[in-house]
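Chains as they are written, first to last, in my numbering: chain X, 25 to 602; chain W, 99 to 386.
For reference, the structure is listed below as structure tokens.
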Amino acid sequence: MINQLSWKVGGQQGEGIESTGEIFAIALNRLGYYLYGYRHFSSRIKGGHTNNKIRVSTTQVRSISDDLDILVAFDQETIDLNYKELHEKGVIIADAKFNPIKPEDTKASMFAVPFTELATELGTSLMKNMVAVGATCAVLNLDINVFKEVVQEIFGRKGQQVVEKNMEAIKSGFDNMQEHLENTAELMELEKADGKKRMFMIGNDAIALGALAGGCRFMAAYPITPASDIMEYLIKKLPPVGGAVIQTEDEIAAVTMTIGANYGGVRALTASSGPGLSLKMEAIGLSGITETPLVIVDTQRGGPSTGLPTKQEQSDLMAMIYGTHGEIPKIVMAPSTVQEAFYDTAEAFNLAEEYQCPVIVLSDLQLSLGKQTVEPLEYDKVEIRRGKLVTEELPEIENKGYFKRYEVTEDGVSPRTIPGIKNGIHHVTGVEHDEQGKPSESAANRNAQMDKRFRKIENIKFDTPVYKNAPHEEADILIVGFNSTRGAIEEAMGRLEKDGLKVNHAHIRLIYPFPSNELLPLVNSAKKIVVVENNATGQLANMIKMNVGNAEKITKMLKYDGNPFLPHEIHTRCKELV
Amino acid sequence: MATFKDFRNSVKPNWCPGCGDFSVQAAIQRAAANVGLEPENLAVISGIGCSGRISGYINSYGLHGIHGRSLPIATGVKMANRDLTVIASGGDGDGYAIGMSHTIHAIRRNVNITYIVMDNQIYGLTKGQTSPRSATGFKTKSTPEGSIEQAIAPMEMALTAGATFVAQSFSTDLKDLTALIEAGIKHEGFSLINVFSPCVTYNKVNTYDWFKENLTKLSDVEGYDSSNKSMAMQTLMKHNGLVTGLIYQDTERKSYQELLNGYSEAPLVDADLTLDQAHFDKLVDEFM
């Protein structure tokens with residue numbers, strides 16, 4: 025019996041690799057297993073190698089596994105590109121159609137199962153992925169009936185016959201594989217899971233759901249990988265609550281339309297990735313100086329320019345902190361799990377209204393697209409707080425004066441009226457302005473307004489700016505990361521502890537304003553600090569050096585080849601250091 | 099009920115004496131009063147340039163944004179509150195150069211807003227460079243030998259982009275301009291009004307006198323029918339675009355908001371920000 029399984033299916037893009045993984049994963053999720061899926065794909069519609077690696081476990085997992093138990097291959101390329109991940113007891117199940125060749129330097133076993141042939145016999149070669157699912161079940165000694173429900177849901181609308189044919193395809197794969205298996209390979213039987221129903225979703229789903237729960241009622245966006253799912257979800261879910269999504273002509277229209285809607289008083293969102301954020305920068309400054317709430321999601325991918333559009337990277341950090349010309353107050357938050365992505369996105373709308381500034385929800389491709397099992401999301405934990413939005417009746421303003429929308433206050437936040445409110449008229453401009461919003465170039469006013477704007481975020485209230493798992497008062501190593509590296513760091517930490525090292529882990533959730541006071545004690549009490557990040561220059565490490573000091577203790581652990589960190593990489597590197 | 103004086107504020111415009119934009123400002127204020135608006139129910143969204151300052155000179159809600167982006171901002175404001183009257187405005191550089199893409203797409207989208215372009219065929223605030231509306235041969239600081247590019251024909255462009263309301267005016271024709279702005283506000287969809295608004299400082303070619311000499315009023319064109327798109331196109335081409343009046347109006351096509359599936363009939367700004375627990379549970383269930 026095993027409590028964890030790593031399974032990968034691969035083939036040509038457009039061949040149904042995605043759905044094979046999806047069906048397998050949904051069924052296992054419903055049995056109560058925790059899943060973590062990561063897709064390797066290219067920026068094209070058809071062709072090119074793609075694979076879907078799915079980890080199945082009886083406990084929560086948030087990282088890709090180091091190795092592989094089962095590789096399901098629809099072509100030779102899948103074997104050649106992925107076999108090295110297989111451990112020696114691993115199994116390759118390949119379509120007999122392409123006469124698979126097992127590489128010489130692997131101890132894993134290989135079985136050729138006629139996926140395409142069996143599917144064609146049953147009516148259509150399209151069902152070859154179901155045959156492959158069936159063959160997998162045989163290795164796992166898993167009852168194929170667990171797929172009944174999922175198959176019914178996916179194919180039900182095509183008629184009962186299609187449902188039955190697909191179940192037959194699963195069975196034929198199962199039977200064929202079982203014949204192969206007799207006396208040849210060990211079964212990989214999974215321990216029983218707890219049978220609890222849990223959500224199975226990508227980070228982008230959680231971001232979109234978080235926006236909806238957080239009161240977002242309008243979105244303007246431009247399609248881009250890996251952020252489009254957020255728009256696609258809200259296009260379905262906003263109309264039932266009266267809201268709308270506009271797919272704009274470009275990224276600049278998306279952000280400025282979002283600013284317009286926020287100025288109009290509606291909680292509005294835009295989401296993009298690096299190239300889109302580069303285009304939105306001027307408008308982010310407009311939101312900053314006009315103190316118009318704005319929520320932007322940045323799902324980072326490989327940069328610069330078009331870069332590696334379907335690959336993991338965390339290289340937008342500095343751009344998000346400092347991006348836009350001039351200086352504005354801004355909040356940059358970085359959820360590290362799908363749960364956090366939900367709650368943080370909802371909270372982003374509160375912060376945007378309370379501090380009247382742009383809020384960037386930073387994600388990365390691995391967090392946004394990694395499909396995983398998620399513990400229940402609780403709606404009653406979501407609050408709606410609107411800050412100093414004026415709702416009461418206002419007194420008449422004499423002598424053609426304006427409402428003091430930019431009143432200099434102690435906490436820097438001024439009362440905010442929205443169009444339609446009587447006696448709340450004021451001017452809004454990206455030009456430096458006085459308390460009423462009228463353009464002003466006076467030096468005294470400039471200082472007053474700049475200081476007021478920055479005062480807003482001096483004492484920002486943010487729940488858990490640093491996620492800490494710090495069991496040691498004094499640690500040999502403090503590992504620091506942000507966004508999706510959390511899972512790999514957690515696993516590496518477990519292994520390092522087993523090796524006898526004292527390890528603390530800090531994950532930065534509030535990137536800006538940087539939570540120096542929260543991080544400092546952990547930094548001070550560690551002998552060495554390893555900052556793990558998917559970029560080439562160590563942007564987070566540099567932020568820590570700049571804000572917390574201790575540069576001599578800091579080691580940058582960087583990866584920018586497009587792939588997420590694996591636990592063993594972090595484990596090995598940390599061991600080398602001590 | 100508000101009068102045009104209620105749309106005045108205490109800010110003194112920083113335009114040059116004689117600038118065409120003064121009349122546009124007055125026309126907007128008159129039109130707003132004539133259609134029965136209260137200042138708080140009008141939002142003027144403007145771009146960057148001399149004309150972009152207009153939102154600061156009208157007593158109403160308003161946002162002076164970034165160069166070329168008045169239309170997406172105005173669209174967002176209108177989406178947030180469909181009960182507001184939203185006017186976007188700016189110059190020819192704002193709308194036909196840096197913001198041209200938004201102009202075309204706002205036309206296609208047909209959101210119920212009015213867009214007033216103050217067209218002076220020059221970049222004034224940056225002190226005299228060529229604009230996409232400058233005629234071929236026009237000499238400016240950036241085209242010392244004369245412009246070798248073709249000028250954009252905004253009215254023809256609007257017709258081909260599928261505009262439902264296309265009008266053109268001259269800033270000295272205050273009465274006609276006011277009437278066109280009123281018609282634009284009342285139009286259920288996107289209305290584009292291009293206003294020849296002379297720059298007295300940097301454009302010594304397209305002057306008040308030049309326009310008076312070259313413009314043709316559509317009311318003087320015999321048998322002109324503003325519901326006939328091909329007639330509109332032919333007339334524009336015949337007069338090299340130098341006509342004033344309502345060029346084209348399509349009263350049949352519905353506005354974006356009316357066609358938008360599920361979009362709240364009440365202003366979105368009043369929508370409930372919370373969900374029923376049952377609604378949330380259903381959303382969660384879809385991921386199980």
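C-beta atoms are modelled at their ideal positions from N, C-alpha and C, and glycine is treated no differently.
Let me make sure I understand the geometry here. Which of the options has the alpha-carbon closest to that of residue i?
i: His-337(W); options: Gln-347(W), Leu-313(W), Gly-343(W); result: Leu-313(W)
i: Gln-563(X); options: Asp-404(X), Ile-503(X), Gln-338(X); result: Gln-338(X)
i: Gln-347(W); options: Asn-208(W), Pro-137(W), Ser-317(W), Ser-324(W); result: Ser-324(W)
i: Ile-164(W); options: Tyr-155(W), Lys-176(W), Ile-156(W), Ser-187(W); result: Ser-187(W)
i: Glu-456(X); options: Ala-472(X), Thr-441(X), Gly-444(X); result: Ala-472(X)
i: Lys-480(X); options: Gly-505(X), Glu-600(X), Glu-542(X), Ile-352(X); result: Ile-352(X)
i: Ala-330(W); options: Ala-233(W), Ile-214(W), Ile-345(W); result: Ile-345(W)
i: Asp-161(W); options: Asn-286(X), Ile-41(X), Gln-28(X), Lys-121(X); result: As written in the sequence, residue 161(W) is Leu, which differs from the Asp given in the question. It is Asn-286(X) whose Cα lies nearest to the Cα of Leu-161(W).
i: Phe-65(X); options: Glu-145(X), Arg-325(X), Val-186(X), Ala-217(X); result: Arg-325(X)
i: Asp-500(X); options: Asn-76(X), Val-527(X), Lys-485(X); result: Val-527(X)
i: Val-33(X); options: Asp-90(X), Ala-118(X), Met-25(X); result: Ala-118(X)
i: Thr-299(W); options: Asp-368(W), Asn-218(W), Thr-349(W); result: Asn-218(W)
i: Thr-369(X); options: Gly-288(X), Glu-422(X), Gly-227(X), Pro-263(X); result: Gly-227(X)
i: Pro-489(X); options: Phe-506(X), Leu-502(X), Tyr-584(X); result: Phe-506(X)
For residue i versus residue j, is the C-beta spacing smaller than 8 Å?
i: Lys-131(X); j: Ala-143(X); result: no
i: Ser-289(W); j: Thr-212(W); result: yes
i: Ser-269(W); j: Val-142(W); result: no
i: Val-279(X); j: Val-319(X); result: no
i: Asn-493(X); j: His-529(X); result: yes
i: Ser-360(X); j: His-531(X); result: yes
i: Val-362(X); j: Met-517(X); result: no
i: Ile-355(X); j: Tyr-536(X); result: yes
i: Ala-560(X); j: Gly-174(W); result: no
i: Phe-212(X); j: Val-163(X); result: At residue 212(X) the sequence reads Met, which differs from the Phe that was named. For Met-212(X) and Val-163(X), yes; Cβs fall inside 8 Å.
i: Ala-358(X); j: Arg-597(X); result: no
i: Asp-192(W); j: Gly-150(W); result: yes
Taking 8 Å as the threshold (beta carbon to beta carbon), is residue i in contact with chain W?
i: Thr-361(X); result: no
i: Ala-499(X); result: no
i: Tyr-491(X); result: no
i: Asp-274(X); result: yes
i: Lys-424(X); result: yes
i: Glu-407(X); result: no
i: Met-225(X); result: yes
i: Leu-59(X); result: no
i: Val-188(X); result: The identity of residue 188(X) in the sequence shown is Glu, whereas the question assumes Val. For Glu-188(X), the answer is no, since every Cβ of chain W falls outside 8 Å of its Cβ.
So, at 7 Å on beta carbons, what are the nonlocal neighbours of residue i in its own chain, with the 5 sequence-adjacent residues on each side left out?
i: Lys-70(X); result: Gln-37, Gly-38
i: Ile-205(W); result: Ala-256, Ala-259, Gly-260, Ala-261, Phe-288, Leu-290
i: Phe-366(X); result: Ala-230, Leu-233, Gly-234, Leu-401
i: Phe-538(X); result: Met-567, Asn-571
i: Leu-413(X); result: Glu-377, Arg-440
For residue i, which residues from the same chain have a beta carbon less than 6 Å from its beta carbon, with the 5 sequence-adjacent residues on both sides left out?
i: Asn-132(W); result: Glu-280
i: Val-303(X); result: The sequence shown places Leu at residue 303(X), rather than the Val named in the question. Contacts found: Glu-275, Ile-276.
i: Ser-508(X); result: Asp-388, Gln-390, Leu-391
i: Phe-309(W); result: Phe-268, Phe-294
i: Ala-49(X); result: Leu-59, Gly-61, Ile-78
i: Thr-316(X); result: Ile-283, Asn-286, Tyr-287
Is the shortest distance between the beta-carbon of residue i and the beta-carbons of chain X less than 8 Å?
i: Gln-266(W); result: no
i: Asn-157(W); result: yes
i: Ser-229(W); result: no
i: Glu-138(W); result: yes
i: Met-386(W); result: yes
i: Asn-179(W); result: yes
i: Leu-223(W); result: no
i: Gly-188(W); result: no
i: Leu-381(W); result: yes
i: Ala-195(W); result: no
i: His-203(W); result: yes
Residues in its own chain within less than 8 Å of residue i by CB, not counting five upstream and five downstream?
i: Asn-587(X); result: Lys-335, Gln-336
Practice item. May I ask you to verify whether the stretch 179 to 193 of chain W touches the stretch 235 to 253 of chain X, counting CB pairs closer than 8 Å and requiring at least 3? Key: As far as the Cβ criterion goes, the stretch 179 to 193 of chain W does not touch the stretch 235 to 253 of chain X, which means the pair count is below three.
Check your understanding: Between the stretch 433 to 446 of chain X and the stretch 399 to 409 of chain X, are three or more C-beta pairs nearer than 8 Å?
Key -> No contact exists between the stretch 433 to 446 of chain X and the stretch 399 to 409 of chain X.
Review point. Looking at C-beta atoms only, is the number of pairs between the stretch 107 to 119 of chain W and the stretch 147 to 156 of chain W that lie closer than 8 Å three or more?
Key: Yes, the stretch 107 to 119 of chain W is in contact with the stretch 147 to 156 of chain W.
Point to revise | Cβ contact (3+ pairs, closer than 8 Å) linking the stretch 154 to 161 of chain X and the stretch 192 to 211 of chain X | key: Output reads yes: the stretch 192 to 211 of chain X touches the stretch 154 to 161 of chain X.
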